[in-house]
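Step one of this worksheet: look at the structure below.
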Amino acid sequence: MPLGSGVGGGLGALGAVIAPLGIAAMLLRQPAGPVAKLIAAGAVSEETARRLESVDIPRSFVIEPAVNRRIVIRTEDGRYWVDVARNRRFRRLVATVTGLVVLGLALAAWQVGAHLGTSAEGS
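Every position in the sequence shown, counted from 1, becomes a number in the numbering used here once 561 is added.
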């Protein structure tokens, strides 16, 4: 054992806690590409809405998933703006669900590993 007796398990458990937190932090750090471009251009209300071409989004299908989730709102005259509060809630939800799934998988792997370790020692 390169780290000595029992140290690797402790560091592994620490990694199981830190990994989901790191994933959540990465997801929360910045919005998705086209949404980020609209936010950076200041398109955060109907009054400040922008056309996609003016923010280097050449095709509207790129923004359609955000429009379908009502994160990006299309005005009657073809301009778009971001509902920042809804975007923030959506990204937090994604980060939370992803973190919980990763944590659950890590705990399951830990339990399976502990079970396999005890059965191997007992035989």
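Where a beta carbon is used, it is the ideal one built from N, C-alpha and C, also for glycine.
Cβ neighbours of residue i in the same chain (closer than 7 Å, five flanking residues each side left out)
i, result
"I618", "P595, K598 and I624"
"G576", "none"
"F622", "none"
Counted within 10 angstroms of its Cβ, other Cβ atoms place residue i as buried (16 or more) or exposed
i, result
"V578", "exposed"
"L677", "exposed"
"A688", "Residue 688 lies beyond the residue range present for the chain, which begins at 562 and ends at 684; the question has no answer from this structure."
"E637", "exposed"
Cβ-based neighbour list, residue i, same chain, cut-off 6 Å, excluding 5 preceding and 5 following
i, result
"T702", "Look at the range of the chain in this structure, 562 to 684, and you will see that residue 702 is not part of it."
"R620", "none"
"L664", "P581"
"A669", "none"
Bounding residues of the alpha helix (DSSP H) (the contiguous stretch that carries residue i)
i, result
"V596", "G594 to A601"
"V628", "E625 to N629"
Close-in-space but distant-in-sequence residues of the same chain around residue i (CB under 8 Å, 5 per side omitted)
i, result
"Y641", "L599, A604, A610, R611, R612, L613, I624, V628, V633, I634 and R635"
"S606", "W642"
"V655", "L588"
"L661", "P581"
"T657", "A585"
Integer-rounded CB distance, given that residue j should sit under 8 Å from residue i
i, j, result
"L588", "R652", "6 Å"
"A667", "A580", "7 Å"
Within 9 Å, strictly: CB atoms of residue i and residue j
i, j, result
"R649", "R631", "no"
"A602", "S615", "yes"
Residue range of the unbroken beta strand (DSSP E) whose run includes residue i
i, result
"I634", "V633 to R635"
"V643", "Y641 to V643"
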